[in-house]
Ligand SMILES: [Zn+2]
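Numbering (our numbering), first residue to last: 356 to 623.
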C-alpha cells in the first residue's frame, strides 16, 4: 500500500473513529477530545486478565492482602469514591470494581481500565498516608481509568505506526491492539502517561476525593510528601511516572476553591 493511500485511509479512519471524549460534567472541566481506535471492551478484557494474573502471582508470593487493617482502610476509601464517578461517567459506578493491597516496598498504586485497583503497602506505610491522602491517590488513578488514558495511548501508538507505514495496515488494528495490551500487566501497573493525562487525573481525582467527603487539601500534603521522598535519591517507580514538583502542588492549590465547596457539601 502506498504511503499516501495509507495516510488518506488513516485520515478517513480518524474522521470516523475520530475524536470523542470519555467523560463529561464535573466541576473541574476536563473536556479534551480523544483519539480512540480500539474499543473499551478490548482494553477492559485485557486489563481484567492482567489483574487476575497479578493477584495470582501476589497470592503465590504471599503478598496479597496480608495486612487486614490496611486492606479495610483502602477498600473503605474505594467504597466512598466509586459512586462519585457518576459525575463524570454514568456507566462507571456499575463497573466491576476490585480493590486489593499488595505487600511491596515499591511506592506504587494504580487503577487498570474498568476499575481494577491495587495499592502497594509501601506507598501508604512509608509516606504515612492519611485516609484523605489515600483518597487523592485513588481518585487520581481512577480518573486515568475514567478518561481511558490507556486506551488512548494504545490508539496513539497505532496511529503513529500507521502513519509511518510500519506493519499495521489499518485492517491489522485489532491484532496490534491485542499485542500491545497483552504485553503483560507491567504495561498497566507502570504506565507512563503524558503531562496532559497527569493534569487531567489530578483535577478529576481531586474532585472525586472531595465529593467522597475527603479534604482536598490532602492533595497538597500528599505531593509535598512525594517531593520530600524523591529528594537526593533515584525516584521510586510511582514518582518517575508522576513527577512531584512545585508546579504540580501549585496547580492543586489553584483548584482548591473549586473543589472545597464539594467537600463541604459532602460533609453535611
Ligand atoms: Zn497519573
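We treat Cβ as the ideally placed atom computed from N, Cα and C, and that holds for glycine.
Under the assumption that residue i contacts residue j (Cβ atoms under 8 Å), give the Cβ distance between them as a whole number of angstroms.
{"i": "residue 336", "j": "residue 382", "result": "Past the edges of the chain, shown from 356 to 623, lies residue 336, and the structure says nothing about it."}
{"i": "residue 569", "j": "residue 514", "result": "Incorrect: roughly 37 Å between the Cβ atoms, too far for contact."}
{"i": "residue 606", "j": "residue 567", "result": "Contact doesn't hold; Cβ gap of about 20 Å is too wide."}
{"i": "residue 464", "j": "residue 478", "result": "6 Å"}
{"i": "residue 468", "j": "residue 562", "result": "Contact flag wrong, Cβ pair sits at about 20 Å."}
{"i": "residue 485", "j": "residue 573", "result": "6 Å"}
{"i": "residue 577", "j": "residue 585", "result": "No, residue 577 and residue 585 are not in contact; Cβ-Cβ is about 13 Å, not under 8 Å."}
{"i": "residue 413", "j": "residue 457", "result": "5 Å"}
With a threshold of 16 other CB atoms inside 10 Å of the CB of residue i, please say whether the residue is buried or exposed.
{"i": "residue 445", "result": "exposed"}
{"i": "residue 396", "result": "exposed"}
{"i": "residue 438", "result": "exposed"}
{"i": "residue 488", "result": "buried"}
{"i": "residue 552", "result": "buried"}
{"i": "residue 506", "result": "buried"}
{"i": "residue 616", "result": "exposed"}
{"i": "residue 420", "result": "buried"}
{"i": "residue 601", "result": "exposed"}
{"i": "residue 416", "result": "exposed"}
{"i": "residue 620", "result": "exposed"}
{"i": "residue 618", "result": "buried"}
Among residues of its own chain, excluding the 5 on either side of residue i, which ones have a beta-carbon nearer than 7 Å to its beta-carbon?
{"i": "residue 622", "result": "568"}
{"i": "residue 537", "result": "Residue placement at residue 537 is poorly supported in this model, since its pLDDT is 43, which falls under 50; the coordinates are not used for a value here."}
{"i": "residue 429", "result": "454, 456, 474, 489"}
{"i": "residue 386", "result": "376"}
{"i": "residue 530", "result": "Because residue 530 carries a pLDDT of 48, less than 50, the predicted location of this residue cannot be relied on, and no value is offered for it."}
{"i": "residue 410", "result": "419, 455"}
{"i": "residue 575", "result": "604, 607, 608"}
{"i": "residue 504", "result": "548, 552"}
{"i": "residue 403", "result": "469, 471"}
{"i": "residue 480", "result": "none"}
Quick one: residues in its chain with C-beta nearer than 8 Å to the C-beta of residue i, no 5 flanking neighbours on either side, listed in chain order?
{"i": "residue 375", "result": "388, 389, 391"}
{"i": "residue 511", "result": "390"}
{"i": "residue 583", "result": "none"}
{"i": "residue 431", "result": "486"}
{"i": "residue 384", "result": "558"}
Figure out for me which residue from the options has the closest Cα to the Cα of residue i.
{"i": "residue 422", "options": "597, 450, 455, 434", "result": "455"}
{"i": "residue 436", "options": "504, 559, 419", "result": "559"}
{"i": "residue 598", "options": "608, 512, 549", "result": "549"}
{"i": "residue 452", "options": "473, 458, 460, 492", "result": "473"}
{"i": "residue 425", "options": "459, 504, 580, 441", "result": "459"}
{"i": "residue 502", "options": "409, 442, 579, 417", "result": "442"}
{"i": "residue 380", "options": "440, 609, 546", "result": "440"}
{"i": "residue 611", "options": "580, 581, 565", "result": "565"}
{"i": "residue 609", "options": "619, 433, 571, 447", "result": "571"}
{"i": "residue 447", "options": "378, 511, 618", "result": "378"}
{"i": "residue 493", "options": "583, 433, 582", "result": "433"}
Less than 6 Å between C-beta atoms, sequence neighbours within five positions excluded: which residues of the same chain meet that for residue i?
{"i": "residue 556", "result": "495, 498, 499"}
{"i": "residue 406", "result": "467, 471"}
{"i": "residue 482", "result": "580"}
{"i": "residue 596", "result": "547"}
{"i": "residue 450", "result": "469, 470"}
Query raised in the report: So which residues touch the region around ligand 1, with touch meaning a C-beta under 7 Å from any heavy atom?
Result: 495, 496, 499, 548, 552, 553, 556, 596, 597
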